[in-house]
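Under mature numbering (1 follows the signal peptide of the UniProt record, and there is no 0), the residues of the sequence shown are numbered -20 to -1, 1 to 404, in order.
All C-beta atoms in this analysis are idealised placements derived from N, C-alpha and C, irrespective of residue type, glycine included.
These notes concern the structure reproduced below.
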Amino acid sequence: MTLVRLICLLMLLFVQTLCAAPSFSLDYNADCFRKDGERFRFISGSIHYSRIPRIYWKDRLLKMYMAGLNAIQTYIPWNYHEESPGMSLYLWEWEMGGLPAWLLSKKDIVLRSSDPDYLAAVDKWMGKLLPMMQPYLYQNGGPIITVQVENEYGSYFACDYNYIRHLTRLFRSHLGEDVVLFTTDGAGLNYLKCGAIQGLYATVDFGPGSNITAAFGAQRHVEPHGPLVNSEFYTGWLDHWGSRHSVVSTDLVAKSLNQQLAMGANVNMYMFIGGTNFGYWNGANSPYSAQPTSYDYDAPLTEAGDLTKKYFAIREVIKMYRKIPEGPVPPSTPKYAYGTVTMKKLQTVADALEILSFSGPVKSTHPQTFIDLNQAYGYVLYRTTLPVDCSEPTPLSSPLNGVHDRAYVSVDGVAVGILERNKS
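Listed below in structure tokens is the structure:
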């Protein structure tokens, strides 16, 4: 999985009953985690609260619990909570990897680096977020057993160790010395070279088609002792615009999971339920390939929360290694037939301009970017009068990838073509 989608903070939430004087730590001698002094192995699944309506959280979590999971993993997308500088919202592959677009207002900023402007914004954001998390750490009586500091940084061009060191100090200052902090990178030495650093436990991620021995061998190269951890075991894969829905074999997923658990590894299944990229939250991969609204991921639970063959196959594998909760598995989500929905055309974009842009047009000599206009998402209508009459056929182009996603072009109100990023 590429960096565009996986930049947000990651937590593992333990879902069983907590006990007195709790502790959670790494045991480098026994190559395992210790929870309250006892050996502990998590078998977890990823669920992103930002991709699932709150009303469904309980249903999805219960289904994960009944599958035999003893932990869950989630992201905290920065841009989901702070769409504007200083305006933090705690409402309860992601747009710009979870980083807010307003960071780009600094023209030369280098994201995910020790760039002073970037670190200043990170320090301010983490100064709000981490103190809120601190009471919920396992050792403080909460459910959080581990916190991820960076994600697949070894896939990023910057390779800035000062940046990772800064994050480590920042997290320690707010969360303390006892919490287990970790990183995740691809299961290859070329990824771990820039992603792993002393003071953060290095884990790897890989899917069912990978060589498990080689993958964990890469982790052992940087972490000779400690628990084996696959932080993102891919149960499916993401979709891209213009491509067919991704499907990953249930048998292959179950076989690989069984092999990893037989080795004593800690495994987080990414995703256990994908959900939906609501609004403009869908991201893109590099080289540019946009994700659609759906984030179904061919996961064990569908986008709608339905049970699948893959869900029950995974449950059977987990049953071989830990006791499955007793009781019935919650049913798939009920569906309703709403009948015919009649759509009525009211106005075109041009007709509704005074409503959509009540402050009036922005006039400029050259086209301004979304960042120039302080608009992170949505649409911008660009209009100009051509200096000459183009009576002859004229090529429609956007030099130097001037269009960063998609543009619909019309002349005198008549649609004449579409411009797309990375397409001539």
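Report task. Tell me, to the nearest whole angstrom, how far the beta carbon of residue 27 is from that of residue 253; I am working on the premise that it is less than 8 Å. Result -> Numbered from 1 along the sequence shown, position 47 holds the residue referred to as residue 27. Numbered from 1 along the sequence shown, position 273 holds the residue referred to as residue 253. Right, the Cβ-Cβ distance comes to about 5 Å (below 8 Å), so this counts as a contact.
Could you pull the start and end residues of the beta strand (DSSP E) that residue 183 belongs to?
Walking along the sequence shown from the start, residue 183 turns up at place 203. 181 to 186 is the extent of the beta strand (DSSP E) around residue 183.
(message) Considering only their Cβ atoms, is the gap separating residue 247 from residue 292 smaller than 8 Å?
(response) Numbered from its first residue, the sequence shown carries residue 292 at position 312. Numbered from its first residue, the sequence shown carries residue 247 at position 267. Not closer than 8 Å, so no.
Whether residue 206 touches residue 39 by CB criterion (8 Å): Reading the sequence shown from its first residue, position 226 is the one you call residue 206. Reading the sequence shown from its first residue, position 59 is the one you call residue 39. Judged by beta-carbon spacing, residue 39 lies beyond the 8 Å limit of residue 206, meaning their Cβ atoms are not closer than that value.
Checklist entry - Relative to the ligand ADP, is the shortest distance from any of its heavy atoms to the C-beta of residue 314 smaller than 7 Å? => result This structure lacks the ligand ADP; in fact it carries no ligand of any kind.
Next on the checklist: Does residue 62 pass the burial test, meaning 16 or more other C-beta atoms within 10 Å, or should it be called exposed?
Outcome noted: The residue given as residue 62 occupies position 82 in the sequence shown. Counting Cβ neighbours within 10 Å, residue 62 comes out buried, since at least 16 surround it.
| Alpha carbon to alpha carbon, how far is residue 255 from residue 227? | Taking the sequence shown and counting its residues from 1, one reaches residue 255 at position 275. Taking the sequence shown and counting its residues from 1, one reaches residue 227 at position 247. So the alpha carbons of these two residues sit roughly 16 Å apart.
(message) Please classify residue 107 as buried or exposed, where buried requires at least 16 other C-beta atoms within 10 Å of its C-beta.
(response) Numbered from 1 along the sequence shown, position 127 holds the residue referred to as residue 107. So residue 107 ends up on the exposed side.
Between the segment 163 to 170 and the segment 179 to 192, can you find at least three pairs of beta-carbon atoms closer than 8 Å?
In the pairwise beta carbon analysis, the segment 179 to 192 is classified as touching the segment 163 to 170: at least three pairs are separated by under 8 Å.
Throw me the rounded Cβ distance for the residue 144 and residue 136 pair, which I believe falls under 8 Å.
-> Position 164 of the sequence shown, counted from the start, is the residue given in the question as residue 144. Position 156 of the sequence shown, counted from the start, is the residue given in the question as residue 136. Contact doesn't hold; Cβ gap of about 11 Å is too wide.
Work out the CA separation of residue 295 and residue 388 for me, nearest whole Å.
Sequence index remark: in the sequence shown, residue 388 carries index 408 (1-based). Sequence index remark: in the sequence shown, residue 295 carries index 315 (1-based). Spanning the two alpha carbons is a distance of roughly 47 Å.
- Rounded to the nearest angstrom, how far is the Cβ of residue 335 from that of residue 23, given a contact under 8 Å? Stepping through the sequence shown from its first residue, residue 335 is reached at position 355. Stepping through the sequence shown from its first residue, residue 23 is reached at position 43. That belief does not hold up - the Cβ atoms of residue 335 and residue 23 are roughly 52 Å apart, past 8 Å.
Does the Cβ-Cβ distance between residue 357 and residue 260 come in under 8 Å?
Along the sequence shown, one-based indexing puts residue 357 at 377. Along the sequence shown, one-based indexing puts residue 260 at 280. Yes, these two residues count as a Cβ contact at 8 Å.
Put residue 31 into one of helix, strand or coil per three-state DSSP.
For the purposes of this step, residue 31 is taken as residue 51 along the sequence shown, with counting starting at 1. When DSSP states are grouped into helix, strand and coil, residue 31 belongs to the helix group.
**Request:** For the beta strand (DSSP E) holding residue 397, just list the boundary residues, first then last.
**Result:** The residue labelled residue 397 in the question sits at position 417 within the sequence shown. Unbroken beta strand (DSSP E) run through residue 397: 394 to 400.
Go to residue 386, then tell me how far its beta strand (DSSP E) extends in each direction, as first and last residue. On the sequence shown, position 406 is the one that residue 386 refers to. Looking at the DSSP string, the run of the beta strand (DSSP E) that includes residue 386 is 386 to 391.
* Asked: In chain order, what residues of the same chain have a beta carbon less than 6 Å from the beta carbon of residue 57, not counting five sequence neighbours either side?
  -> On the sequence shown, position 77 is the one that residue 57 refers to. Within its own chain, the residues whose Cβ lies closer than 6 Å to the Cβ of residue 57, once the five positions on either side in sequence are excluded, are -13, 30, 74, 78, listed in chain order.
| field | Backbone secondary structure at residue 175 - three-state DSSP | value | Stepping through the sequence shown from its first residue, residue 175 is reached at position 195. Helix, per DSSP.
| query | Which residues bound the alpha helix (DSSP H) around residue 258? | reply | Taking the first residue of the sequence shown as 1, we reach residue 258 at position 278. Per DSSP, residue 258 lies in no alpha helix (DSSP H) and is assigned neither H nor E.
Exercise for review: Starting from the C-beta of residue 147, find all residues in its chain whose C-beta is less than 7 Å away, skip the five residues before and the five after it, and write them out in chain order.
Suggested key: Along the sequence shown, read from residue 1 onward, the residue named residue 147 stands at position 167. Hits under 7 Å: 129, 130.
Notebook entry, point to check: Which of the three DSSP states, helix, strand or coil, is assigned to residue 264?
Noted result: As a first step, residue 264 is located in the sequence shown; it is residue number 284 there, counting from the start. Strand at residue 264.
Looking at the secondary structure, which residues open and close the alpha helix (DSSP H) in which residue 232 lies? As a first step, residue 232 must be located in the sequence shown, where it is residue number 252. Unbroken alpha helix (DSSP H) run through residue 232: 230 to 242.
query = In angstroms, rounded to a whole number, what distance separates the CA positions of residue 398 and residue 152?
reply = Your numbering for residue 398 matches position 418 in the sequence shown. Your numbering for residue 152 matches position 172 in the sequence shown. Per the coordinates, the alpha-carbon of residue 398 lies some 49 Å from the alpha-carbon of residue 152.
Going along the chain, which unbroken runs of the beta strand (DSSP E) with 3 or more residues stay wholly within the segment 72 to 132? Annotation note: the segment 72 to 132 contains the following uninterrupted beta strand (DSSP E) runs of length 3 or greater, listed N- to C-terminal: 124 to 131.
- Taking all protein chains shown into account, do 16 or more other C-beta atoms lie within 10 angstroms of the C-beta of residue 171, making it buried, or fewer, making it exposed? For the purposes of this step, residue 171 is identified with residue 191 of the sequence shown, where counting begins at 1. Buried: at least 16 other Cβ atoms inside 10 Å.
Item checked: Same chain only: Cβ atoms within 6 Å of residue 391, ignoring 5 sequence neighbours per side -> Counted from its first residue, the sequence shown places residue 391 at position 411. Excluding positions up to five away in sequence, the list is empty.
Here's a check: name, in chain order, each residue in its chain whose Cβ is nearer than 8 Å to the Cβ of residue 89, leaving out the five neighbours to either side.
Locating residue 89 in the sequence shown gives position 109, counting from the first residue. Hits under 8 Å: 83, 95, 97, 98.
query = Could you give the distance in angstroms between the alpha-carbon of residue 208 and the alpha-carbon of residue 379?
reply = Position 228 of the sequence shown holds residue 208. Position 399 of the sequence shown holds residue 379. So the two alpha carbons sit approximately 48 Å from each other.
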